[in-house]
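>
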Amino acid sequence: MNITDIIVKSLWVVVSLFGFINGLGYIYMGYMTNNRYWLLEGLVYELPWLLIIFLTLLAPNLVSLIYLGLFATALQLVSIVRSVWVDYKYIKFLHGNEKYLTA
């Protein structure tokens, strides 16, 4: 496996750096690898941001939005660290199983 394959297979990690879409990288990887746990993890990371949007539109309560925003920010930090860790394990898996690099 060359460095280009590693970079291309790791581009999903960049999505976790951005708020509001940090769970989409996990959803993408869960879909591509048929791993429902990564799909679920992506939904968990995405859910607070969606709740912030809906609560802002429906019932703008400042205190609850602040707490939800802090929770979403904490989950974003967790998703950044976890995405780097998951990507390391994923690339290590691909390196041992070259047949998965054809896609």
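Residue numbering for the sequence shown follows my numbering, beginning at 1086 and increasing consecutively. The beta-carbon is built from N, C-alpha and C at its ideal position, and this holds for glycine as well.
#1: Is the separation between the beta-carbon of Asn1087 and that of Gln1161 shorter than 8 Å?
#2: Is any non-hydrogen atom of the ligand GTP found closer than 7 Å to the C-beta of Ile1106, if you look at the structure I gave you?
#3: Looking at the structure shown, is Gly1104 part of a helix, part of a strand, or coil, going by DSSP?
#4: Measure the C-alpha to C-alpha separation of Ile1092 and Ser1164 and round it to an integer number of angstroms.
#5: Contact between the region 1097 to 1107 and the region 1168 to 1177: three or more CB pairs below 8 Å?
#6: Give me the residue from Pro1145, Ala1159, Leu1179 and Lys1094 with the minimum Cα distance to Tyr1130.
#7: Could you compute how far the alpha carbon of Tyr1152 sits from the alpha carbon of Leu1142?
Taking the coordinates as given:
#1: In this structure, Gln1161 does not lie closer than 8 Å to Asn1087 by Cβ.
#2: The ligand GTP is not among the ligands present in this structure, which contains no ligands whatsoever.
#3: In the three-state reduction of the DSSP assignment, Gly1104 falls in the coil class, being assigned neither a helical nor a strand state.
#4: Approximately 19 Å, taken between the alpha carbons.
#5: Three or more beta-carbon pairs separated by less than 8 Å link the region 1097 to 1107 to the region 1168 to 1177, which places the two stretches in contact.
#6: Minimum Cα distance to Tyr1130 is reached at Ala1159.
#7: Spanning the alpha carbons of Tyr1152 and Leu1142 requires a straight line of approximately 17 Å.
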